[in-house]
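S.K.: Residue 1 is where the sequence shown starts when you use the numbering used here, and the numbers rise one by one after that.
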Amino acid sequence: MTIEDEARVRAKELYGLAPEGFIEGRDALAVQIADEGGPELAAAIKKLRKPSVVAWAVNTASRERPADVAALLRAGDDLRQAQVAAISGKGADDLRTATQARRTKVALLAEVALETLGARGGAHRDAIVLTLEAASVDPELGGRLRDGTLDREAMPGSGLGPAGGFQLLQGGDGAGEDDVTTEEARKREAKEAERAAVVAEREAERAARRAEQLRARARDASASAEAAEAEARRLADEAKTLRRRAART
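#1: Kindly indicate which three-state DSSP category Ala154 falls into: helix, strand or coil?
#2: Return the CA-CA distance between Glu226 and Leu235, expressed in angstroms with no decimal places.
#3: Does the segment 31-49 come close enough to the segment 59-71 that 3 or more CB-CB pairs lie under 8 Å?
#4: Measuring CB atoms only, is the segment 27-43 touching the segment 103-113, in the sense that at least three cross pairs come out at less than 8 Å?
#5: With 16 other CB atoms within 10 Å as the buried threshold, where does Asp151 fall?
#6: If the criterion is Cβ atoms closer than 8 Å, does the pair Leu141 and Arg125 meet it?
#7: So what does DSSP say about Glu36, is it helix, strand or coil?
#8: Helix, strand or coil: how does DSSP classify Pro66 here?
#9: Between Ser52 and Glu153, which are expected to be in contact by the criterion C-beta below 8 Å, what is the C-beta distance as a whole number of angstroms?
#10: Give the straight-line distance between the Cα atoms of Gly37 and Ala11, rounded to the nearest whole angstrom.
#11: Assuming Gly143 contacts Arg102 under a Cβ cut-off of 8 Å, what Cβ separation, rounded to an integer in Å, is found between them?
#12: Do Ala98 and Leu79 come within 8 Å of each other at the CB atom, strictly closer than that value?
#13: Nearest-angstrom Cα distance between Val54 and Ile3?
#14: Is it buried or exposed for Asp138, if we count other Cβ within 10 angstroms and need 16 for buried?
#15: Go to Lys105, then tell me how far its alpha helix (DSSP H) extends in each direction, as first and last residue.
#16: Express the C-alpha separation of Ile33 and Gln83 in angstroms, rounding to a whole number.
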């Protein structure tokens, strides 16, 4: 466990506070840890970002519905597996089923988060949904969702780099929040492959829909061919009947 991870664990309860109370609580905890003889940990706590409004709402939903969070993370695992199978040309039906299952679980937790925000929730609906979707396929974000310690939200990516699906926005103001360490950059790079799964999922869904359209066209073409064959047989029979009648006259 890194010192940053330990800091989040020690400050876990602070993420349950309203965002406006986070900085004061964080600084008080840092002083307490320093007094206990942990200057390095205290410094790491001091650098923790204040959660954004969306992160706070999602954290609250996680604390209230831990079983639903666990179900969402399982659904994310199932979706990744179904996506890999679909990309290899099989399991399109499984992908649709897994996508719908994940969507249902995201919607359930999103409603809890929106209730937390009350009247201002509507403006944050898309960000909440995207954050839950990202957490379902990103192991680190998923862990923070499970712990209720998210400090930032996931939003549609800029399209730059291999991730292409989501980029993480920084949380609120606080000491050290503008510092981006080399370690953080390394972690972001390490997670790009996971985030790329989101883009691949969408591509696989489009491929599955295209495959279904082609199958439908093939069925229609087969039905048309059968109808044409039946009409040809009918006309041939009719011609034979007419020839027999002509022979009798």
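Think of the CB as a built atom: it goes at the ideal place given N, C-alpha and C, for glycine as much as any other residue.
M.R.: Looking at the atomic coordinates:
#1: Strand.
#2: C-alpha of Glu226 to C-alpha of Leu235: approximately 14 Å in a straight line.
#3: Short answer: they don't touch.
#4: Counting Cβ pairs under 8 Å, fewer than three are found: no touch.
#5: In summary, Asp151 is buried, with 16 or more beta-carbon neighbours lying within 10 Å of its beta-carbon over all protein chains present.
#6: In terms of Cβ geometry, Leu141 and Arg125 do not form a close pair [threshold 8 Å].
#7: In this structure, Glu36 counts as coil in the three-state DSSP scheme.
#8: In the structure shown, Pro66 sits in a helix (DSSP, three-state: H, G or I).
#9: With 8 Å as the limit, Ser52 and Glu153 qualify as a contact, their Cβ atoms being about 5 Å apart.
#10: Looking at the two C-alpha atoms, the distance is approximately 17 Å.
#11: Wrong, their Cβ atoms sit about 18 Å apart, outside the cutoff.
#12: The criterion of a C-beta distance shorter than 8 Å is satisfied by Leu79 and Ala98.
#13: Val54 and Ile3 have their C-alpha atoms spaced approximately 25 Å apart.
#14: Burial call: buried.
#15: In the DSSP assignment, Lys105 falls within the unbroken alpha helix (DSSP H) covering 92-117.
#16: Cα to Cα, Gln83 sits roughly 45 Å from Ile33.
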